[in-house]
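A.B. asks: Residue numbers (UniProt numbering), protein chains in the order written: chain Z, 1 to 313; chain C, 1 to 310.
By construction, the Cβ of each residue, glycine as well, lies at the ideal position given by its N, Cα and C atoms.
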Amino acid sequence: MPDFTKTAVVAQDAAVAAEIAPQPAKPEKARSLWGDAWADLRRSWIFLISSALIFILLLITFFPGMFTGTDPILGDLAKNYLQKPRLGNIGSPDWLGYDQQGRSVYARVIYGTRASIAVGFGTTLSVTLLGGVVGMIAGYFGGVVDAVLSRLTDVFFGIPFLLGTMVVLNSFQDRTTWVVIGALGFFGWTQIARVMRGAVITTKQSDYVQAAKALGASTPRVMFRHILPNTLAPVIVVATISLGVYIAAEATLSFLGLGLTGVSWGNDISDGGNQIRVAQWIMLYPSIMLSITVLAFIMLGEAVRNALDPKMR
Amino acid sequence: MGRYVARRLLQMIPVFFGTTLLIFLMVYALPGDPVRGLFGDKAGSPQVIASLRREYGLDQPILVQYYEYMKGMLLHADFGTQIASGRPVTDVLGDAFPVTLRLASLAFAIEVVLGISLGIVAGMRAGRLTDNVILVVALLFISVPVFVLGYILKVVFAFQLNWLPPNVNDPSNINELLMPALVLAAASLAYVTRLTRTSIAENLRADYIRTAIAKGLPRRRVVGVHLMRNSLIPVVTYLGIDIGALMGGAVVTEGLFNIKGVGGTIYESIVRREGTTVVGLVTILVIVYLLASLLVDLLYAVLDPRIRYA
């Protein structure tokens, strides 16, 4: 858990010092945690690389037609059966080879991006909202509410993540993006809830929250205006890293035959795995894309964590 | 200490019942009928189906089924019957569990030894080349999904180099289990490395380390006792939680290398909608997880004498 109290104390000391000895020299520009973090992020090469990668991935997600003109579902058995990649012709339908049904591996890799990104963002968003609300309520009200919600979190946390989602997904014939997001979110919210609860409990005791309460601020106002902004940092870090984890989880479920129905990297890797002795490229290229995507989000999360956590410097 | 353990055990009770109820509801509220599945493509006569359903108690309301199931489990250690084979789930588990246990312990050993030592090396040289190389390797291990890593190792070590067999034929042979164990351990290995590194790098700047060095203690003692003992606390937490994950998370690895363990059995029973088997096996995994997390909390007290459980 990042330790923000330290920076608060340092800032307080600085403020006191400035009051005691008002110096005519130009004042040190006071930056908030976020301003500080942003300044830090802009200098971090990990952040720059990962956000460039994510930008490209988003571009592929929204405009797959920009990258390939080939239909990912169109198979041409007569023309291409297990045709090898021609790595020279970058961007052409045959540069990453064809799969056993004569479908362009390149087109499938491009169109498969959307599935992974959609599931990653969708799950992270739902998990953050659900976990955030549960964690906020448990942390703010404490007592019986906290005890009940914490035990509920323990219950969901105790079920192995992959097994739980498998049981849920197995009962759906048509596993759309929403179904997969729902199943992953159903078991995934516990981590954010725990992080949020911890952050709320720490923030709740600070002076400005006490002051706001003493001035008669309503409960929602204290929650959203005073506590929420100061609990966001750890939640954002966990959410960013888990985005990559959910993308990997979706691919794993597809690999097991319980993921999305349709074009997705996990399905292609699973298909390619069965022909790994004759045609390695069918599984190799989706695997590379998947790994790069997961890596990009985990790196982004690391960069954000380093920027938001002064202790790591 | 005794009171703390008692309190934790008491807290585990609602979690245990909640988790089993949740699995139970999920498995039985979802469509699919294992009795009908027994007949394959043929439609069984309604009378036979009805009598089989009565025999397995599937005609009762869900909460009654749950009550009966828990009663059998708690009073007679009866985890139900696998409908497809008619064998008790405990028997099925008895076949699968030793295999998974062997695989998971090997993976755990790799994770602990390699992860902690790499983490210490990286943490001691924080910010230098060694640290960055280890960081990149760890990030790679985290981001390459398990099944991709498994395929890569298979292609390289089994098909190209012929060093190891691609599938596990004899689960008691440690050599055959080496590759699956490495695959299973990979992601956790990277996390352990990162955790240890962060913790070591942070504590290296602590006052008590400076004091220990200033006292003239040998480096071995400063690192081995003062630094390690303080740095390993978060690592132990992670390792404890990971024991459960290694047991249950082996679904993919066991499938890849054709190992007949708990993960493979659970996967099969989920796909075949074998409710009782799924519930029984997952329940046992949950118990393992709950006990592991209790063990971790108790280990804290050993590692950090400042923590006292009243």
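Quick check on this structure: which residue in 299/Z, 286/Z, 306/Z, 303/Z has the alpha carbon closest to the alpha carbon of residue 97/Z?
C.D. replies: When only C-alpha atoms are compared, the closest one is 286/Z.
A.B. asks: Residue 248/Z: which of 187/Z, 196/Z, 291/Z sits nearest, CA to CA?
C.D. replies: Taking only the C-alpha atoms, the option nearest residue 248/Z is 291/Z.
A.B. asks: Determine the closest residue to residue 241/Z out of 300/Z, 119/Z, 231/Z, with distance taken between C-alpha atoms.
C.D. replies: Closest option to residue 241/Z, Cα to Cα, is 300/Z.
A.B. asks: Taking Cβ to Cβ, would you say residue 231/C is nearer than 9 Å to residue 196/C?
C.D. replies: Going by C-beta atoms, residue 231/C is nearer than 9 Å to residue 196/C.
A.B. asks: Residue 88/C by DSSP, collapsed to three states: which one?
C.D. replies: Residue state, collapsed to three classes: strand.
A.B. asks: CA-CA distance, residue 152/C and residue 183/C?
C.D. replies: For residue 152/C and residue 183/C, the distance between alpha carbons rounds to 10 Å.
A.B. asks: Do residue 239/Z and residue 201/Z have their C-beta atoms within less than 9 Å of each other?
C.D. replies: Contact: no.
A.B. asks: Using C-beta distances below 6 Å, list every residue in its chain close to residue 23/C, excluding the 5 sequence neighbours before and after it, in chain order.
C.D. replies: Counting only Cβ-Cβ distances below 6 Å, and skipping sequence neighbours, we find 279, 282.
A.B. asks: Give the residues of chain Z in contact with residue 19/C, contact being defined as C-beta atoms less than 7 Å apart.
C.D. replies: Near residue 19/C (Cβ distances below 7 Å), the residues of chain Z are 155, 158, 159.
A.B. asks: Let me check understanding here. Comparing Cα to Cα, which of 179/C, 238/C, 148/C lies closest to residue 106/C?
C.D. replies: For the residues 179/C, 238/C, 148/C, the minimum Cα distance to residue 106/C belongs to 179/C.
A.B. asks: In whole angstroms, give me the CA-to-CA distance for residue 148/C and residue 252/Z.
C.D. replies: Distance between the alpha carbons of residue 148/C and residue 252/Z is about 9 Å.
A.B. asks: State the start and end residues of the unbroken alpha helix (DSSP H) segment that holds residue 161/Z.
C.D. replies: 161-170 is the extent of the alpha helix (DSSP H) around residue 161/Z.
A.B. asks: On the DSSP bridge assignment, give the partners of residue 81/C in chain order.
C.D. replies: DSSP output for residue 81/C lists 88/C as bridge partner(s).
A.B. asks: Just the chain C side, please: which residues come within less than 7 Å of residue 295/Z by C-beta, in chain order?
C.D. replies: Those are 139, 143, listed as they occur along chain C.
A.B. asks: Does the beta-carbon distance from residue 320/Z to residue 308/Z come in below 9 Å?
C.D. replies: The question about residue 320/Z has no answer here: the residues shown for chain Z are numbered 1 through 313.
A.B. asks: With distances taken between CB atoms, is the gap from residue 185/Z to residue 243/Z smaller than 9 Å?
C.D. replies: Against a cut-off of 9 Å, the Cβ pair of residue 243/Z and residue 185/Z comes out as no contact.
A.B. asks: Using only CA atoms, which one of 303/Z, 177/Z, 128/Z lies nearest to residue 115/Z?
C.D. replies: Checked all of 303/Z, 177/Z, 128/Z; the closest Cα to residue 115/Z is 177/Z.
A.B. asks: Can you name the residues that DSSP bridges to residue 98/Z?
C.D. replies: In the DSSP output, where bridge partners are listed per residue, residue 98/Z has 104/Z.
A.B. asks: Could you list the residues in the region 257-288 of chain Z with a C-beta less than 7 Å from some C-beta on chain C, going in chain order?
C.D. replies: From the region 257-288 of chain Z, only 269, 273, 276, 277, 280, 283, 287 have a Cβ closer than 7 Å to chain C.
A.B. asks: Restricting to Cα atoms, I'd like to know which of 235/C, 2/C, 269/C is closest to residue 92/C.
C.D. replies: Comparing Cα-Cα distances from residue 92/C to each of 235/C, 2/C, 269/C, the minimum goes to 269/C.
A.B. asks: May I have the straight-line CA-CA distance separating residue 139/C from residue 275/Z, to the nearest angstrom?
C.D. replies: Taking the straight line joining both Cα atoms gives about 28 Å.
A.B. asks: Give the straight-line distance between the Cα atoms of residue 187/Z and residue 211/C, rounded to the nearest whole angstrom.
C.D. replies: In a straight line, the C-alpha of residue 187/Z is about 46 Å away from that of residue 211/C.
A.B. asks: Out of curiosity, what's the CA-to-CA distance linking residue 397/C and residue 274/C?
C.D. replies: Nothing in the structure corresponds to residue 397/C, since chain C is present only between 1 and 310.
A.B. asks: Would you mind listing the beta strand (DSSP E) stretches within the region 230-297 of chain C that are 3+ residues and don't spill past its ends, in chain order?
C.D. replies: Here no run is fully enclosed.
A.B. asks: Indicate whether the contact test is met: 3 or more Cβ pairs, each with one atom in the region 61-70 of chain Z and one in the region 93-112 of chain Z, closer than 8 Å.
C.D. replies: Yes, they touch.
A.B. asks: Whose Cβ in chain Z lies nearer than 8 Å to the Cβ of residue 157/C?
C.D. replies: Here the premise fails: no neighbours, minimum Cβ distance about 13 Å.
A.B. asks: Could you spell out where the alpha helix (DSSP H) holding residue 193/Z opens and where it closes?
C.D. replies: Note, residue 193/Z: alpha helix (DSSP H), 190-204.
A.B. asks: Could you tell me the alpha carbon to alpha carbon distance between residue 133/C and residue 145/C, rounded to whole angstroms?
C.D. replies: If you take the alpha carbons of residue 133/C and residue 145/C, they lie about 20 Å apart.
A.B. asks: Residue 303/Z to residue 48/Z, Cα distance in whole Å?
C.D. replies: Whole-angstrom Cα-Cα distance: 9 Å.
A.B. asks: Does the contact criterion of 3 or more C-beta pairs under 8 Å hold for the region 202-221 of chain Z versus the region 160-176 of chain Z?
C.D. replies: The region 202-221 of chain Z, when compared against the region 160-176 of chain Z, does not touch it at the 8 Å Cβ threshold.
A.B. asks: If you measure from the beta carbon of residue 112/Z to each beta carbon in chain C, is any gap under 9 Å?
C.D. replies: Chain C contact via Cβ: absent.
A.B. asks: Check for me: the alpha helix (DSSP H) holding residue 150/C runs from which residue to which?
C.D. replies: Its alpha helix (DSSP H) spans residues 146-153.
A.B. asks: In chain Z, which residues lie with their C-beta within 9 Å of the C-beta of residue 114/C?
C.D. replies: Chain Z residues near residue 114/C: none, gap ~20 Å exceeds 9 Å.
A.B. asks: So which of 267/C, 189/C, 130/C has the shortest CA-CA distance to residue 170/Z?
C.D. replies: Residue 267/C is the option with its Cα nearest to residue 170/Z.
A.B. asks: Starting from residue 132/C, follow the alpha helix (DSSP H) in both directions and report where the run begins and ends.
C.D. replies: 129-143 is the span of the alpha helix (DSSP H), which, as asked, contains residue 132/C.
A.B. asks: Which residues, in order along the region 170-197 of chain Z, keep a beta-carbon less than 8 Å from a beta-carbon of chain C?
C.D. replies: So the list reads 170, 171, given in the order they occur along the chain.
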